[in-house]
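Please read the structure below before turning to the comments.
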Amino acid sequence: MIARVIVLAALLAATRSAPEAADDLELGRRGVERWGRAHAVLFDSALPVQVGAAIHNFRGTLCYQGTDTACRKLLSDDDRLDRIVAAYLDRAILGKKQSVATLFALLCAAIDVESERTGWPPEEAKRYQVYELPQSMRGNVMLVTDRGIVTRPYGIERIAVLPGIHTIATARGSNERKLYELTMGEGTAELKPIQGTVSSEPDRGTDWSLVCMQEGVRSRIEGQPVWGPGRDLVVQRPAQFISAVGLSITIDAPAVECNTTCRGAIRNAALDSIAFWRAACSRCERNHLLAVRVDGEMFIDERLTLEGPAVLTPGGSGTTFFALSGRPVAQYVRLTATPPAVTARLRADATPLAKFLAGNDSGAPAMHIAVAGRPSRCGGSADVIGCAGAGMPIELNANDFVFVGNDSPLFGRGEERIRLDIVMLHEIGHWFGLPHVDPLRSVDKSRHAIMEPGYIGDGQCITRGELGLLDDAADLGWTLRLKACDGFRIQRVSAIR
Ligand SMILES: [Zn+2]
9 MIARVIVLAA LLAATRSAPE AADDLELGRR GVERWGRAHA VLFDSALPVQ
59 VGAAIHNFRG TLCYQGTDTA CRKLLSDDDR LDRIVAAYLD RAILGKKQSV
109 ATLFALLCAA IDVESERTGW PPEEAKRYQV YELPQSMRGN VMLVTDRGIV
159 TRPYGIERIA VLPGIHTIAT ARGSNERKLY ELTMGEGTAE LKPIQGTVSS
209 EPDRGTDWSL VCMQEGVRSR IEGQPVWGPG RDLVVQRPAQ FISAVGLSIT
259 IDAPAVECNT TCRGAIRNAA LDSIAFWRAA CSRCERNHLL AVRVDGEMFI
309 DERLTLEGPA VLTPGGSGTT FFALSGRPVA QYVRLTATPP AVTARLRADA
359 TPLAKFLAGN DSGAPAMHIA VAGRPSRCGG SADVIGCAGA GMPIELNAND
409 FVFVGNDSPL FGRGEERIRL DIVMLHEIGH WFGLPHVDPL RSVDKSRHAI
459 MEPGYIGDGQ CITRGELGLL DDAADLGWTL RLKACDGFRI QRVSAIR
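Spelled out as structure tokens, the structure:
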């Protein structure tokens, strides 16, 4: 509750158009990379995102009237910013203390602002542990994750990871790779060689520009502010997704239309969309949607692979990314690729999650995604890109549009190129019960809410207002909850108001 109030305060403060979130993520990446090189550290891909999000949060909160000059000056001074990031990482990664000053607090201190005044916590728990590699293993070391391989363009002497079980690889010569399982505890570490092969697919990461983060975009539904006072936090008629641990997805795409790459792109876009939306739900139960089965393949919340013995009770919610510490939301990783010990532990439990993992889908919500022609349930118009309703099948119009991922065509025909990730984020929002929001209420003209009825493409992202909508949609009794299917339409020149 307190977090929500703080978020609202930050929202009201950040009404100016800020640089792209992607720019601040880039600042974070640069600072972490520079620090990592100086200390020969291999770090996971979440760390630069976390640092970039903290910088973006600082910009959104402090680069406005009163403190804007000092704030902007600091963020445009590369060396000074990198030094502050390095001071943060020295403590948060290499330090011994269990509680460290947040990067946000250090940035505030640099411009003589007491961070407490903003309402954001000045300290955070130390999360990362460092493993010092034995002399013989130093050099070309990689972190093997389910999202691909993480490498750094310098020699590695130590690895910074969260407590849990990790796979690392060392390379000697041309192709030969040795694999190890690294079990990190609080102050303990165990390394043992394991058998297996590793593909060299690089870490695919996540497109964080799909989340507006601190952008001051406010959304409304039919004239009603999304962040109205007196939100009733008691759920009268809980939606299934509040408590379901698993979700089952089927993708219906003709092989001639959609090859393996295409199916993989649809699956990844769906998983990322669910991960973003579910992180926003503060009315949902702690273990909701921990696992997603897509056409028989199982994906689980990445925190389950990082936890120790209490693997089925991950702490906290991904909401912290939006609300407090600038930590990324939890993504889904493929279950079969996690270390065998973790897989065995997950399957051995008798909880609803274990039942779902073992193949018992009874009572689990289902999602159906179809690559199809003009969606008939949304009027059959050539202007409708995608169509979905709460809990209803998601139809993608391959008849009139070419869907692309990373600028490459995936499926479909026609003149217009459409970003699959944006359409999926929008349609899955409907699946959760979110209605369309009023496009005219955007404060920041360079940003558009993902649930606007028109497809805009770049710059369309989940706004703060829409994060709150998921809490509303969690109650089947919410009067504005989406009922009928709703089409996501192309904005043709004549149709723009
Ligand atoms: Zn729609």
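Just so you know, we're using our numbering here: the sequence shown kicks off at 9 and counts up by one.
Where is the CB? At the ideal position from N, CA and C, for every residue including glycine.
Residue environment, residue i, which counts as buried when at least 16 other CB atoms sit within 10 Å
{"i": "Q203", "result": "exposed"}
{"i": "A366", "result": "exposed"}
{"i": "Q468", "result": "buried"}
{"i": "A133", "result": "exposed"}
{"i": "D494", "result": "buried"}
{"i": "G394", "result": "buried"}
{"i": "P161", "result": "exposed"}
{"i": "G326", "result": "Any answer about G326 is weak, because its pLDDT of 32 lies below 50 and its placement is not dependable; what the coordinates show is given next. So G326 counts as buried."}
{"i": "R489", "result": "buried"}
{"i": "Q137", "result": "buried"}
{"i": "R425", "result": "exposed"}
Contacts around residue i, its chain only, beta-carbon distance under 8 Å, and the 5 residues preceding and following it disregarded
{"i": "L279", "result": "V300, V302, F307, Q339, Y340"}
{"i": "T344", "result": "E305, M306, T351"}
{"i": "D506", "result": "Residue 506 is absent from the model: the chain starts at 9 and stops at 505."}
{"i": "Q106", "result": "A133, K134"}
Same chain, Cβ closer than 7 Å to residue i, neighbours up to 5 away in sequence not counted
{"i": "V121", "result": "L70, T75"}
{"i": "A283", "result": "V337, A338, Q339, Y340"}
{"i": "R427", "result": "V412, G465"}
{"i": "R355", "result": "A362, L365, A366"}
{"i": "G422", "result": "D408, F409, V410"}
{"i": "P322", "result": "Bear in mind that a pLDDT of 35 at P322, under 50, signals an unreliable position, so the model cannot answer this."}
{"i": "I176", "result": "V149, M150, L151, V152, I167, Y188, L190"}
C-beta contact flag for residue i and residue j at 7 Å
{"i": "L141", "j": "E165", "result": "yes"}
{"i": "L433", "j": "M459", "result": "no"}
{"i": "W43", "j": "A94", "result": "yes"}
{"i": "G36", "j": "I63", "result": "yes"}
{"i": "G413", "j": "A273", "result": "yes"}
{"i": "V264", "j": "P360", "result": "no"}
{"i": "A492", "j": "T471", "result": "no"}
{"i": "R271", "j": "I257", "result": "no"}
{"i": "A2", "j": "H438", "result": "Outside the modelled stretch of the chain, which goes from 9 to 505, sits residue 2, for which no answer is possible."}
{"i": "M145", "j": "T178", "result": "yes"}
{"i": "G399", "j": "Q244", "result": "no"}
{"i": "P401", "j": "Q248", "result": "no"}
Residue i - containing alpha helix (DSSP H), residue span
{"i": "M432", "result": "428-439"}
{"i": "Q58", "result": "54-70"}
{"i": "P262", "result": "First-last for P262: undefined, no H or E at that position."}
{"i": "T269", "result": "268-287"}
{"i": "L115", "result": "111-118"}
{"i": "A362", "result": "360-365"}
Close-in-space but distant-in-sequence residues of the same chain around residue i (CB under 6 Å, 5 per side omitted)
{"i": "L297", "result": "L255, R286"}
{"i": "A113", "result": "S123, P130"}
{"i": "V49", "result": "R166, A168"}
{"i": "V13", "result": "Its pLDDT being 35, under 50, V13 is placed unreliably in this model, and the coordinates cannot settle the point."}
{"i": "G147", "result": "G163"}
{"i": "T487", "result": "none"}
{"i": "C266", "result": "V379, F419"}
First through last residue of the beta strand (DSSP E) which encompasses residue i
{"i": "D2", "result": "Shown here, the chain extends from 9 to 505; a query on residue 2 therefore has no answer."}
{"i": "R301", "result": "299-302"}
{"i": "D87", "result": "Not the beta strand (DSSP E): D87 falls in the alpha helix (DSSP H), residues 86-97."}
{"i": "G204", "result": "From DSSP, G204 is part of no beta strand (DSSP E); its letter is neither H nor E."}
{"i": "Q137", "result": "137-140"}
Short CB-CB distance (under 7 Å) between residue i and chain B
{"i": "T75", "result": "Absent from the structure is chain B; it holds one protein chain and no more."}
Mind the definition here: the region 375-383 touches the region 398-413 only if three or more C-beta pairs lie below 8 Å; say whether that holds.
yes
Can you confirm whether the region 477-496 touches the region 276-293 when touching is taken to mean that 3 or more C-beta pairs between the two stretches lie within less than 8 Å?
yes
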